[in-house]
Each structure stands twice: as structure tokens, then as C-alpha cells.
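*Asks:* In our numbering, the protein residues as written are 391 to 604.
(1) Evaluate contact between the region 456-466 and the region 512-519, counting only Cβ atoms and requiring at least three cross-stretch pairs below 8 Å.
(2) Is residue 556 closer than 9 Å to residue 523 when the C-beta atoms are compared?
(3) Mapping the DSSP letters down to three states, classify residue 508 as helix, strand or coil.
(4) Just verifying my parser: in three-state terms, what is the DSSP assignment at residue 430?
(5) Can you tell which of 530, 573, 535 and 525 has the C-alpha that lies nearest to the C-alpha of residue 544?
(6) Between 460, 508, 499 and 455, which has its C-alpha nearest residue 486's C-alpha?
(7) Suppose you measure from the CA of residue 471 to the CA of residue 596; what does that come to, to the nearest Å?
(8) Alpha carbon to alpha carbon, how far is residue 420 from residue 457? Give it in angstroms, no decimals.
(9) Helix, strand or coil: which one does DSSP assign to residue 576?
(10) If you run the structure through DSSP and keep just helix, strand and coil, what is residue 532?
(11) If you scan the region 426-501 from start to end, which runs of the alpha helix (DSSP H) of 4 or more residues do you find wholly inside it?
(12) What are the partner residues of residue 393, as DSSP defines its beta bridges?
(13) How do the region 407-418 and the region 504-514 stand: do at least 3 beta-carbon pairs fall below 8 Å, yes or no?
(14) From what residue to what residue does the beta strand (DSSP E) around residue 595 run?
(15) So, using beta-carbon positions, are residue 542 and residue 558 closer together than 9 Å?
(16) Express the C-alpha separation of residue 500 and residue 448 in angstroms, rounding to a whole number.
(17) Compute every distance between the C-beta of residue 479 and the non-hydrogen atoms of the ligand NAP, then say whether any falls below 8 Å.
(18) How many angstroms separate the CA atom of residue 583 from the CA atom of residue 510?
(19) Please name the residue in 588, 423 and 443 whose C-alpha comes closest to that of residue 437.
(20) Quick one: using the 10 Å Cβ neighbour count with 16 as the cut-off for buried, is residue 418 buried or exposed?
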């Protein structure tokens, strides 16, 4: 049995599809495609699917993936891509289908581009002047305080027309997983910069050595 990794972009209106709804979307799309995907056994068989590092609601991504399994000996991955794209909803586009190489546990970092209106520049400069940026991170084992400065010591901005943008590379491992919304929420509390004025785009998933997750 082969594990097939389906890579897709999640943009525009699709960014507001929750993980639960995305699972339903993918189940329906895979069923309609007629592709030979493997189903779980038991009284309620369904298509086996595993999403890699699921994205938060309202965020866009250039590098989402879902794993499925097939008993097909030599899948035509280009044909898989064409069949899926023909019936995908708006905002979701499959850009690559391939055999899975790395396990999800290999992911160490998720990289993002964050865009604010140009008027956000003073608040971002204010962040750079801080000695610490403590935030409360909630998890299954309770809440703990994390200093964002340990992962984002400074924000290096660049002008993009009427926007200001910067790149982040945050921990995304099982031991520590930081969401960029922690930073945008901190900037709102500390400087009054509205979190909903930020556009967050995930651009890459990387392993501990910095190489791409694949």
C-alpha cells in the first residue's frame, strides 16, 4: 500500500473552511473523483486521510497537504492532480501529488508571511524595542507562558505598496507549536494594532535542518 501526499493551496474564501469542514470537503472530492483510495475497515468505512500540520481558520497557505492511501501499484500522480482540481471548490488548488517521503513528526518549523496596512509600521517597531513579549499559549496540558522574543527577536519589515510585510519561521513541532496569531494578538494588546487587519499566509513547512518537508 502506498501513502499518497496531496499538496494544495488554500486561499481567499477557502481560508474560512475549518479543519472539520475541510475533512468533509476532501472526503466528497475524493469520492467524486473515482480515484482508488483506500477506505478504513469496520462498520463505517471511510477514506483514510491525515492532514499535515492543520492551518488555523482565516489563514491562507501555499503548502497544505493531506495523506491518503492506495493499493494501486503505480499511481499516475499527474492524473490524480487533474481529477482532483476538476472538482475542487474555489480557493483550493492541488499543485502536486506524490508518494509521501517524510513523516509528519519531521516538521520542525512553519514559515509565514504576514501583511498589515502600512500604518502598522510604528507598532511593529515598538515590538522590536521590547525586551520581552510574553504570551499565554493554551494546550492540552493547560496554559503556559511563552516569550515570543525567543522565536521572533525582531520583525524585519518591507514595504509592499500600501502594505507592510514581514516573514516568520515559527516552531511547529510536537514539543512546541506556535501560531502567528499569538503574535498578532500580542500586537493588538500591546499597541492597539487590530489582529484582524493582518493577512497571514503560510509559505513553507521545514524540517529541523531547514530543508523542506516533503
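Heads up, the beta-carbon is just placed ideally off N, CA and C, and yes, glycines get one too.
*Replies:* Reading from the atomic positions:
(1) In this structure the region 456-466 does not touch the region 512-519; the number of beta carbon pairs closer than 8 Å is below three.
(2) no
(3) If DSSP states are grouped into helix, strand and coil, residue 508 belongs with the helices.
(4) coil
(5) 573
(6) 455
(7) 23 Å
(8) 12 Å
(9) helix
(10) strand
(11) Counting only runs that start and end inside the region 426-501, the alpha helix (DSSP H) elements of at least 4 residues fall at 467-475.
(12) Beta-bridge pairing by DSSP links residue 393 to 459.
(13) no
(14) 589-597
(15) yes
(16) 16 Å
(17) Looking for the ligand NAP in the displayed structure turns up nothing, as the structure carries no ligands at all.
(18) 7 Å
(19) The candidate whose alpha carbon is nearest that of residue 437 is 423.
(20) exposed
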